[in-house]
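>
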Amino acid sequence: MNKNNSTLGDRLLIVGIRFLALGIFPLIWFLFQAILFRELTEILNRTSLIIVAIIFGSTFIFLLYLGMNKLIDFAPKHHRESLYAGMFIGPALFMLSLFLFYPSIRTIYLSFRDRYGDSSVGFDNYIWAFSDTEMKTTLRNQVLWLIFVVTLVVLLGLIISWLADRLNRGEAFFKSIIFMPMAISAVGSSAIFKLIYAYRPPPSTQIGIINGLRVSSGKDINGKECGNNEIGANGELIDYYREGCPNPVGWLQQRDLSNLPSFENINSSDTLLNFLVNFPINTFLLMIVMVWMSTGFAMVVFSAAIKAVPSEIIEAGQIDGASEGKIFMSIILPYIKSTIIVVSTYITVSVLKAFDIVYVTTRGDLETNLLAVKMLDEFAKYRQYGRSATVAVLIFVCVIPVIVINAVRAREQTQI
Amino acid sequence: MRRETQKWYDKPVSKLILITIALSWMFPYIGFLISSFRPGESVKRSSWWISLTNGDLFKELTLENYYEILFAENLSRSFFNSFAVSIPSTIIPITIAAFAAYAFAFIDFRGKEIAFIFVVGMMIIPLQMSLIPLLKLMKGGAILFGVTIIPELSLNGTFVAVWFAHTGFGLPLATFLLRDFMMSLPKSVVESAKIDGASHLTTFFKLVLPLSVAGIAAFATFQFLWVYNDFLVANVFMGIKPENLVVTSHVAQLTVGNYGEEWHLRTSGAVISMIVPLIVFFSLQRYFVRGLIGGSVKG
Chain A
80 MNKNNSTLGD
90 RLLIVGIRFL
100 ALGIFPLIWF
110 LFQAILFREL
120 TEILNRTSLI
130 IVAIIFGSTF
140 IFLLYLGMNK
150 LIDFAPKHHR
160 ESLYAGMFIG
170 PALFMLSLFL
180 FYPSIRTIYL
190 SFRDRYGDSS
200 VGFDNYIWAF
210 SDTEMKTTLR
220 NQVLWLIFVV
230 TLVVLLGLII
240 SWLADRLNRG
250 EAFFKSIIFM
260 PMAISAVGSS
270 AIFKLIYAYR
280 PPPSTQIGII
290 NGLRVSSGKD
300 INGKECGNNE
310 IGANGELIDY
320 YREGCPNPVG
330 WLQQRDLSNL
340 PSFENINSSD
350 TLLNFLVNFP
360 INTFLLMIVM
370 VWMSTGFAMV
380 VFSAAIKAVP
390 SEIIEAGQID
400 GASEGKIFMS
410 IILPYIKSTI
420 IVVSTYITVS
430 VLKAFDIVYV
440 TTRGDLETNL
450 LAVKMLDEFA
460 KYRQYGRSAT
470 VAVLIFVCVI
480 PVIVINAVRA
490 REQTQI
Chain B
7 MRRETQKWYD
17 KPVSKLILIT
27 IALSWMFPYI
37 GFLISSFRPG
47 ESVKRSSWWI
57 SLTNGDLFKE
67 LTLENYYEIL
77 FAENLSRSFF
87 NSFAVSIPST
97 IIPITIAAFA
107 AYAFAFIDFR
117 GKEIAFIFVV
127 GMMIIPLQMS
137 LIPLLKLMKG
147 GAILFGVTII
157 PELSLNGTFV
167 AVWFAHTGFG
177 LPLATFLLRD
187 FMMSLPKSVV
197 ESAKIDGASH
207 LTTFFKLVLP
217 LSVAGIAAFA
227 TFQFLWVYND
237 FLVANVFMGI
247 KPENLVVTSH
257 VAQLTVGNYG
267 EEWHLRTSGA
277 VISMIVPLIV
287 FFSLQRYFVR
297 GLIGGSVKG
């Protein structure tokens with residue numbers, strides 16, 4: 080090979096070009112684009128800024144590669160192969176290091192620092208994370224979300240995909256209905272459910288369907304029907320602002336059940352009711368939004384897995400006289416076990432990162448907070464940068480085992 | 007029919023279960039959609055289901071809310087902002103990832119294993135981990151061991167900040183998926199191009215990219231919807247100045263903020279925000295599902 084013949088000058092040239100093309104040039108490119116667009120933001124009006132952003136924002140990246148390519152052309156031919164490898168892969172490593180790796184390390188570092196990151200506080204932030212009342216509630220909610228959302232999504236996904244698999248017609252249509260919430264934003268979904276749970280103080284009309292049906296369901300003390308400010312048969316207005324009519328409930332404000340009629344006067348001796356009264360109803364109502372959004376994903380993945388079960392195995396089971404339930408439990412379930420684990424992993428991770436639903440509906444107040452919201456609150460609301468970083472590290476620590484389990488399983492499977 | 011004998015699942019009862027599930031999944035949209043077409047006064051005065059049952063609804067249907075939210079409330083501006091955020095945030099990471107994936111799949115170089123482990127390892131990092139320091143980096147630069155790597159940029163509130171944030175968050179998965187896809191391409195094609203004397207850049211643009219369109223489309227659909235629907239990153243990097251709002255943060259502000267009773271604007275705004283994802287979803291459903299299933303390994 081020519082490599083051994085290369086002179087010292089040759090080598091220096093290579094090192095120089097490598098340094099220029101792979102180290103300095105991406106940095107300059109990044110700074111140039113950043114500053115250029117920052118200045119454009121101030122000069123241009125909105126319309127032209129948006130057009131410029133879409134066109135040049137999408138194409139500027141090619142300048143990076145073309146520029147690197149030009150620089151590499153100065154290198155001697157037999158050295159170009161390794162330089163090309165660097166050119167193809169360099170920007171990815173550069174961006175990952177700058178935008179993901181460095182910030183993550185910084186977060187871990189900050190989690191051991193005080194509120195502005197000025198001095199070290201040891202494990203104080205972590206002690207705070209497990210002793211603060213608000214944080215305890217947040218952790219409790221996160222655990223509840225993990226348990227209930229993951230279980231419900233996986234169960235519903237299994238049931239729906241199994242039933243839908245047996246449809247003769249309309250399977251695709253049915254599945255798109257369940258899957259649709261996955262495509263829209265969590266903010267939009269939260270708005271949708273906020274209308275369902277809506278509460279307005281009496282005597283205004285209840286526009287949320289739960290409260291609407293609730294207030295119009297009863298009778299007042301004189302035995303007259305209650306109504307949601309609707310017009311009766313004789314043209315009179317039927318309201319619910321009378322004694323005896325059910326009151327509307329601020330569902331998302333209910334941190335427990337104590338305001339609901341059956342729990343208003345509980346006996347201290349009734350342990351079951353005393354246990355149930357602490358049920359955090361608002362947190363559960365928010366979980367429903369997540370379940371509504373994520374079940375489609377579980378269903379689609381399970382559906383593909385169930386279709387991949389060889390029909391001979393199922394038929395063999397039928398010949399042996401196994402019931403449908405038995406076939407599902409002892410043939411289909413074991414067959415799609417790894418898929419179930421993958422889906423649970425995905426849902427677990429997305430619950431750990433769940434932010435939009437809580438932020439948009441209750442803003443994390445009234446004991447509905449989750450880790451991801453708490454993390455931003457500590458940063459933006461309380462200016463506690465160290466604590467914010469600690470909460471982020473907690474999320475990270477919870478994500479690691481889930482992903483590792485998944486990766487190990489995936490590797491085992493490829494080996495088999 | 008899969009089997010000859012009629013089982014319980016062919017009986018009406020299981021169909022009934024499925025129809026119940028489908029209806030309960032559809033139900034949340036109905037009241038929301040109806041309210042978006044009713045005048046603000048009526049939304050407050052009578053509930054949507056009563057107006058539906060007594061027929062008032064059909065007399066009062068209006069597009070007024072949509073005009074108001076789009077032009078008076080300037081949701082149209084947020085709408086275009088959303089595109090200025092999501093289109094580059096989709097193209098930049100895919101381009102970088104496609105180049106890297108090509109190198110992983112077709113070029114032999116020193117440190118390939120380590121580089122790949124680094125890229126895949128980044129997948130386990132949830133975006134919360136890098137969010138705040140990244141914001142600081144975009145604002146005030148980065149200093150490592152006393153050396154200024156990035157000077158003060160004050161990028162907060164500009165599109166560039168969001169593009170690069172999304173590039174960082176989307177890149178590991180994109181590289182991983184595209185590498186998988188390119189590995190499944192026939193190696194002989196690339197090798198014969200090399201023998202013909204084509205440079206890597208030519209092979210990449212003329213041969214590998216066109217062959218990888220399906221893989222790229224799957225990730226692009228996923229990433230576009232992810233960015234378009236994202237609220238957290240846009241909220242943190244773009245801020246809440248009215249001219250910087252994207253659709254999701256605008257709708258979030260309508261929903262959470264001092265618009266307590268403005269349900270006619272909340273609903274119409276949210277409906278507008280859902281139009282683009284639903285169009286993308288129904289036209290590219292196959293790619294979207296593929297991208298999503300691929301995305302299930304992300305941290």
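So the sequence lines, in the order shown, correspond to chains A and B.
Quick note: the first sequence uses the numbering used here, first residue 80, plus one each step.
Quick note: the second sequence uses the numbering used here, first residue 7, plus one each step.
Glycine included, every Cβ here is placed at the ideal spot set by N, Cα and C.
If you compare alpha carbons, which of B/172, B/112, B/205 is closest to residue 228 of chain B?
B/172
> Starting from residue 154 of chain B, follow the beta strand (DSSP E) in both directions and report where the run begins and ends.
Element bounds for residue 154 of chain B: 153-156.
> Let's test the definition: count the other Cβ atoms within 10 Å of the Cβ of residue 64 of chain B and tell me whether it reaches 16, buried, or not, exposed.
exposed
> I'd like the ranges of any alpha helix (DSSP H) spanning at least 4 consecutive residues and lying wholly in the stretch 210-253 of chain B.
219-235, 238-244
> Could you name the residues of chain B that residue 411 of chain A contacts, counting a contact when the two beta carbons are closer than 8 angstroms?
Neighbours of residue 411 of chain A on chain B: none; closest Cβ ~13 angstroms, over 8 angstroms.
> Pick helix, strand or coil for residue 316 of chain A, following the three-state DSSP scheme.
Reduced to three states, the DSSP call for residue 316 of chain A is strand.
> Between the beta-carbon of residue 62 of chain B and the beta-carbon of residue 52 of chain B, is there less than 8 angstroms?
Their beta carbons are under 8 angstroms apart, which means residue 62 of chain B touches residue 52 of chain B by this criterion.
> Just curious, the alpha helix (DSSP H) that residue 186 of chain B is in, first and last residue?
165-189
> Taking its Cβ as the centre, do 16 or more other Cβ atoms sit within 10 Å of residue 157 of chain A, making it buried, or is it exposed?
When all chains shown are included, residue 157 of chain A counts as exposed.
> Select from the stretch 25-54 of chain B all residues with a C-beta closer than 8 angstroms to any C-beta belonging to chain A, and list them in chain order.
Taking 8 angstroms as the Cβ-Cβ cut-off, the stretch 25-54 of chain B approaches chain A at 27, 28, 31, 32, 34, 35, 37, 38, 41, 49, 50, 51, 52, 53, 54, given in chain order.
> By DSSP's criteria, residue 298 of chain A is part of a beta bridge. Which residues make up the other side?
According to DSSP, which records beta bridges pairwise, residue 298 of chain A is partnered with A/304.
> Does residue 387 of chain A come out as helix, strand or coil in the three-state DSSP assignment?
coil
> Where does residue 149 of chain B sit, in a helix, a strand or coil, going by DSSP?
strand
> Can you tell me which of A/371, A/367, A/415 puts its alpha carbon nearest to the alpha carbon of residue 387 of chain A?
A/415
> Give me the residue from A/279, A/309, A/335 with the minimum Cα distance to residue 60 of chain B.
A/309
> Check whether the Cβ atoms of residue 117 of chain B and residue 174 of chain A sit closer than 8 angstroms, and answer yes or no.
no
> Would you kindly check if the distance between the Cβ of residue 267 of chain A and the Cβ of residue 295 of chain B is under 8 angstroms?
no
> Is the number of C-beta pairs between the stretch 143-151 of chain A and the stretch 100-107 of chain A that are closer than 8 angstroms three or more?
yes
> Have a look at residue 147 of chain B and residue 108 of chain B and give me their C-alpha separation to the nearest angstrom.
Cα to Cα, residue 147 of chain B sits roughly 31 angstroms from residue 108 of chain B.
> Which residues in chain B sit within 9 angstroms of residue 309 of chain A, going by Cβ to Cβ distance?
Per Cβ cutoff of 9 angstroms: 52, 53, 56, 60.
> Given that a residue counts as buried once 16 or more other Cβ atoms are within 10 Å of its Cβ, and exposed if not, what is residue 424 of chain A?
buried
> Can you tell me the Cα-Cα spacing of residue 417 of chain A and residue 488 of chain A, whole angstroms?
8 angstroms
> What is the DSSP secondary structure of residue 309 of chain A, reduced to helix, strand or coil?
Of the three classes helix, strand and coil, the one that applies to residue 309 of chain A here is strand, per DSSP.
> Using the beta-carbon count (16 or more within 10 Å), is residue 2 of chain B buried or exposed?
A query on residue 2 of chain B cannot be resolved here, the shown segment of chain B reaching from 7 to 305 and no further.
> Who does residue 199 of chain A pair with in a DSSP beta bridge?
A/192
> Going by alpha carbons, who is nearest to residue 216 of chain B out of B/233, B/187, B/238, B/235?
B/187
> Would you decide whether residue 264 of chain B is buried or exposed? Buried here means 16 or more other CB atoms lie within 10 Å of its CB.
Summary for residue 264 of chain B: the model assigns pLDDT 49, below 50, so the residue's position carries little reliability, and this model does not support an answer.
> Residue 324 of chain A by DSSP, collapsed to three states: which one?
Coil.
> Taking only beta-carbon atoms, is residue 117 of chain A less than 8 angstroms away from chain B?
Output row for residue 117 of chain A: interface = yes.
> May I ask which residues mark the beginning and end of the alpha helix (DSSP H) holding residue 260 of chain A?
Counting along the chain, the alpha helix (DSSP H) containing residue 260 of chain A begins and ends at 250-262.
> Output yes if chain B places a C-beta closer than 8 angstroms to the C-beta of residue 211 of chain A; else output no.
no
> According to DSSP, is residue 118 of chain B helix, strand or coil?
helix
> Could you tell me the distance, in whole angstroms, from the CA atom of residue 326 of chain A to the CA atom of residue 278 of chain A?
10 angstroms
> Is residue 445 of chain A closer than 8 angstroms to residue 285 of chain A when the C-beta atoms are compared?
No, the Cβ-Cβ distance between residue 285 of chain A and residue 445 of chain A is not below 8 angstroms.
> Would you please state the rounded distance, in angstroms, between the beta carbons of residue 448 of chain A and residue 216 of chain A? I believe it to be under 8 angstroms.
6 angstroms
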